[in-house]
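**Student:**
Residue numbers (my numbering): 16 to 260.
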């Protein structure tokens with residue numbers, strides 16, 4: 016082999032090395048401050064608490080409800096520039112739509128909004144749970160989880176799952192400055208989960224952590240039953256922290 020061949024091979028190897036993109040920092044997240052956040056089920060405790068925290072962080076928030084007047088009343092009570100509308104208008108006007116409706120109305124609500132949610136980034140935070148004399152227990156939807164049900168019902172939306180483990184009491188308590196917890200975020204597109212992680216980080220004390228694809232949503236949703244048991248035993252508002260990441 017000639018020196019020219021060696022030089023050519025070295026040049027080719029260097030070019031291959033140079034063209035390899037640098038690994039992306041998993042904590043390098045997009046700026047989501049200008050996005051409009053809609054909350055379906057925003058008049059319930061969880062939805063209302065999320066709406067309040069995002070609005071308090073400076074996010075534009077629209078509360079959605081089956082009854083527009085009920086949503087407007089809740090928005091006026093929250094202040095902070097929050098608006099209220101019926102679910103369809105909330106979905107149309109929002110960039111990110113959080114689904115915080117009761118489990119028994121989950122499928123029906125999403126089916127009715129398929130057109131309005133097409134192309135939207137949807138964040139499902141619904142926990143399918145049952146309750147009996149022994150306390151809370153997890154239900155398993157036919158699709159595998161609430162998030163997977165949402166994905167099946169909204170084929171043209173970008174469905175993710177997050178915000179399952181947050182205490183509605185803490186979210187709504189204006190005296191609580193920071194909420195010390197991690198938010199597990201699941202989804203099929205890393206670009207979409209990055210956006211949801213960044214949204215979680217808008218709330219002081221919170222951090223969004225990528226936790227896998229939607230097929231893993233069932234165990235995340237189910238864990239809420241355990242947290243409810245903890246809260247009852249210790250008179251607390253338990254959250255989660257993920258170590259070593």
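We put the CB at the ideal spot given by N, CA and C, even for glycine.
Note that the structure is predicted; figures quoted are calculated from it, not measured.
1) Any idea if residue 155 is buried or exposed, counting beta-carbon neighbours within 10 angstroms, 16 or more meaning buried?
2) How is the beta strand (DSSP E) around residue 223 delimited, first residue to last?
3) When the Cβ atoms of the stretch 223-243 are set against those of the stretch 199-210, are three or more pairs found closer than 8 Å?
4) According to DSSP, simplified to helix, strand and coil, what is residue 88?
5) For the stretch 109-124 against the stretch 133-146, are there 3 or more C-beta pairs whose distance is under 8 Å?
6) So, is residue 56 buried or exposed, given that buried needs 16 or more other C-beta atoms within 10 angstroms?
7) Give the DSSP-derived three-state secondary structure of residue 261 in the structure shown.
8) With a threshold of 8 Å, are at least 3 pairs of Cβ atoms found where one atom belongs to the stretch 155-175 and the other to the stretch 124-133?
9) Report all residues from its chain with a CB closer than 8 Å to the CB of residue 152; omit the five preceding and five following residues, and keep chain order.
10) Please list, in chain order, all residues of the same chain as residue 72 whose beta carbon is under 7 Å from its beta carbon, the five residues on each side excluded.
11) So which of 232, 87, 243, 86 has the shortest CA-CA distance to residue 184?
12) Pop quiz: residue 176 and residue 232 are said to be a contact at Cβ under 8 Å. What is the actual Cβ separation, rounded to whole angstroms?
13) Among the residues of its own chain, which have a CB less than 8 Å from the CB of residue 251, if the five just before and after it don't count?
**Tutor:** In short:
1) The count along the chain shown starts at 1 and reaches residue 155 at position 140. Its Cβ having fewer than 16 others within 10 Å, residue 155 is exposed.
2) What you label residue 223 is simply residue 208 of the chain shown in a count that begins at 1. Counting along the chain, the beta strand (DSSP E) containing residue 223 begins and ends at 221-225.
3) Touching, per the Cβ criterion.
4) On the chain shown, position 73 is the one that residue 88 refers to. Three-state result, residue 88: helix.
5) yes
6) In the chain shown, counting from the first residue as 1, residue 56 sits at position 41. When all chains shown are included, residue 56 counts as buried.
7) Lying outside 16 to 260, the shown extent of the chain, residue 261 is not represented and no answer is given.
8) yes
9) Counting from one through the chain shown, the residue named residue 152 turns up at place 137. Closer than 8 Å at the Cβ level, and outside the excluded window around residue 152, lie 144, 145, 146, 240.
10) Start at 1 with the first residue of the chain shown, and residue 72 comes out as number 57. So the qualifying residues of the chain are 217, 218.
11) Sequence index remark: in the chain shown, residue 184 carries index 169 (1-based). Measuring from the Cα of residue 184, the nearest candidate turns out to be 243.
12) Start at 1 with the first residue of the chain shown, and residue 176 comes out as number 161. Start at 1 with the first residue of the chain shown, and residue 232 comes out as number 217. About 5 Å separates the two Cβ atoms, so the contact holds.
13) Sequence index remark: in the chain shown, residue 251 carries index 236 (1-based). 245, listed in sequence order.
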